[in-house]
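Residue numbers (the numbering used here): 26 to 176.
The beta-carbon is built from N, C-alpha and C at its ideal position, and this holds for glycine as well.
Taking it in order: structure first as structure tokens, then the write-up.
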């Protein structure tokens, strides 16, 4: 229980540090006259999203290992916390890729996913990707759907 509390505190401290870093990055970039304001916003939002994910992980660890069971299944709680953490980090990663593509003047970001994976299609569509072609490749046991994001 003491180790769980320690990890919870460490995660929350890292999260707070990232929030401060995001604020610093924003004001430093604005004061420094960075040419693209949208790039400054995207960098700051990415930092805040990762801070939120780490904060949720710390909160989850603290709750799941220090609060007595009240009829809850600890494995389901851990699974829910890890799923939220990974989901938040994935969103931050996609946003970072889009921001990087924008900084390199790329017009379209394309991905290929398993065509039958409707949850993943919906997730990417929620981030702004548009479904394009679905192709069959002889070396793969599944169809591939390509999705595009106009930068």
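Does the count of Cβ pairs from the region 107 to 126 and the region 65 to 84 closer than 8 Å reach three?
yes
Specify the secondary structure class of residue 61 as computed by DSSP and reduced to three states.
coil
Proximity below 7 Å, CB of residue 158 to CB of residue 171
yes
In whole angstroms, give me the CA-to-CA distance for residue 133 and residue 156.
13 Å
Alpha carbon to alpha carbon, how far is residue 144 from residue 67?
26 Å
From the DSSP output, read off the bridge partner residues of residue 135.
173
Local conformation of residue 17 per DSSP, three classes:
This structure cannot settle anything about residue 17, because the visible part of the chain is limited to 26 through 176.
Could you tell me the boundaries of the beta strand (DSSP E) in which residue 160 lies?
155 to 161
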